[in-house]
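Residue numbers (the working numbering), protein chains in the order written: chain C, 1 to 210; chain P, 211 to 420.
The block underneath contains the structure these notes are about, expressed in structure tokens.
Right, dumping it as structure tokens:
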């Protein structure tokens, strides 16, 4: 027999109640208002209030990300899921969103480099890295290779979101990012991370509205 | 001064070591081999071994999902992130992957229904629901509305992946799915879930190769 389901159907009310629950449960007292907005959205994306304890912000990171987006800088993503999760309507300057993983040159490039396709894809970013927001939500190899590219003289991004996920290299790649005083970064430490968290951070930086 | 980074750069080796770590750490003894493959990939997607404790499979779910994909049935997704995360090369029958959230009819439909766009988008699935794999990795309202559609006579999917995430309705929508003996389902209980987990489950069912 058919049941009837009683649930909240208003999108704005769902967002409001979600963010109110997160702000009631999460310990955000150590964060600036800008950082707290990022943390709230990252928590919202994964359903875990405790993830805030694994988040690290360099002091200028949140403002640098906001300023880069307001200035129309691109968002460079390591995976299609990140690129397709960003809410375009929130972006302040119709910013370009770029993921080069599907470029037909990437498989050959990866073989030549002896690295993953996720890492090789970054070699196609070129000058677009200059002042960009880089969102790494998947591949530790992409994050390691980003640091290598910058060391080799590639243009410097305004902000790196270090949210690679998983069991091999994720924690290590984010430790390597955290040890770089030359880069603004927002990091989710350890094995945790993922495309939804990286998307949430971009969406938070893009627009102050919750 | 530039550092050099020492990390594993071979994609196949990274996968192998990741899955070996997960199988060493995770308690999979209560699962069938098919279920364990799904659990391993879901763990891989979120970086949390413990998520297996929140996973529930109906007895026929994993095999029903495999069979549906082998029979060429479509994969119906509640979000673009889910649709764009599925690895097409793993699909056994070049299966269609459908997300109707961006359809221009959806905003009006949502207003008429008094529900979210995520829920309204399901009204455009129509006959494609018949025997399909439905992957809900984001919106609780989509999962509730799926159950409503089936109660109203919509074609029955072969498998429902109930992995809605968040603080409002996520746990409740998945409880509602779990209480349906008429549907095969794989569920991540509670607030946890997300597009990466739903993608991981599809990718596991699509191909036995880890």
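In this text, a Cβ means the ideal position worked out from N, Cα and C, and glycines have one as well.
Fair warning: this is a prediction, and the values are worked out from it, not measured in the lab.
- Apart from the 5 residues on each side of it in sequence, residue 81 of chain C sits with its Cβ closer than 6 Å to the Cβ of 195 in its chain, given in chain order.
- At least 9 Å separates the beta-carbon of residue 248 of chain P from that of residue 346 of chain P.
- For chain P, the residues of the segment 142 to 161 of chain C that bring a beta carbon within less than 8 Å of one of its beta carbons are 144, 147, 148, 151, 152, in chain order.
- The C-alpha of residue 127 of chain C is placed about 12 Å away from the C-alpha of residue 149 of chain C.
- Remark: three or more beta-carbon pairs, one from each stretch, lie closer than 8 Å, so the segment 5 to 14 of chain C and the segment 324 to 337 of chain P are flagged as touching.
- Residues of the segment 379 to 413 of chain P that bring their beta carbon within less than 8 Å of a beta carbon in chain C comprise 379, 380, 382, 383, 386, 400, 401, 402, 403, 404, 405, 406, 409, in sequence order.
- Comparing C-alpha distances from residue 31 of chain C to each of C/55, C/171, C/49 shows the shortest one belongs to C/55.
- At a cut-off of 9 Å between beta carbons, residue 94 of chain C makes no contact with chain P.
- Rounded to whole angstroms, the gap between the alpha carbons of residue 147 of chain C and residue 387 of chain P is 45 Å.
- Look at the segment 283 to 299 of chain P: the residues with a C-beta under 9 Å from a C-beta of chain C are 289, 290, 291, 292, 293, 294, 295.
- Remark: C-beta atoms of residue 343 of chain P and residue 311 of chain P do not approach each other more closely than 9 Å.
- Contact between residue 412 of chain P and residue 253 of chain P is ruled out by a C-beta separation of about 15 Å, above the 8 Å threshold.
- Residue 341 of chain P is positioned such that its CB atom lies no closer than 9 Å to that of residue 375 of chain P.
- Shown here for residue 237 of chain P: same chain residues with a beta carbon closer than 8 Å to its own, the five before and five after excluded, namely 262, 263 in chain order.
- Counting only residues of its own chain and dropping the five nearest sequence neighbours on each side, residue 309 of chain P has a CB closer than 6 Å to the CB of 287, 290, 293.
- Residues of chain C with a Cβ closer than 8 Å to the Cβ of residue 257 of chain P are, in chain order, 165, 166, 167, 170, 190, 191, 192, 193, 194.
- By the Cβ neighbour-count rule, residue 392 of chain P is exposed, with fewer than 16 other Cβ atoms within 10 Å of its own.
- In the structure shown, residue 336 of chain P adopts helical secondary structure according to DSSP, grouped into three states.
- Assigned with DSSP and collapsed to three states, residue 311 of chain P falls in coil, not helix or strand.
- When CB distances to chain C are screened at a threshold of 8 Å, the residues of the segment 224 to 247 of chain P falling below it are 224, 227, 228, 231, 232, in chain order.
- Residue 353 of chain P and residue 410 of chain P have their C-alpha atoms spaced approximately 18 Å apart.
- At a Cβ-Cβ threshold of 9 Å, residue 355 of chain P and residue 332 of chain P count as neighbours.
- Going by beta carbons, residue 85 of chain C and residue 198 of chain C fall inside the 9 Å limit.
- Residue 270 of chain P sits away from residue 389 of chain P, with the two beta carbons spaced by 9 Å or more.
- A residue is called buried once 16 or more other Cβ atoms fall within 10 Å of its Cβ, and residue 281 of chain P, having fewer, is exposed.
- Note that the C-beta distance between residue 415 of chain P and residue 227 of chain P is not below 9 Å.
- Contact of residue 114 of chain C with chain P by beta-carbon distance below 7 Å involves 219.
- Among the bridge pairs identified by DSSP, residue 345 of chain P is matched with P/287, P/371.
- Per DSSP, residue 4 of chain C lies in no alpha helix (DSSP H) and is assigned neither H nor E.
- Put simply, the backbone Cα of residue 154 of chain C is about 20 Å away from that of residue 103 of chain C.
- The DSSP assignment places 265 to 267, 285 to 287 as complete runs of the beta strand (DSSP E) inside the segment 243 to 310 of chain P, in order along the chain (cut-off: 3 residues).
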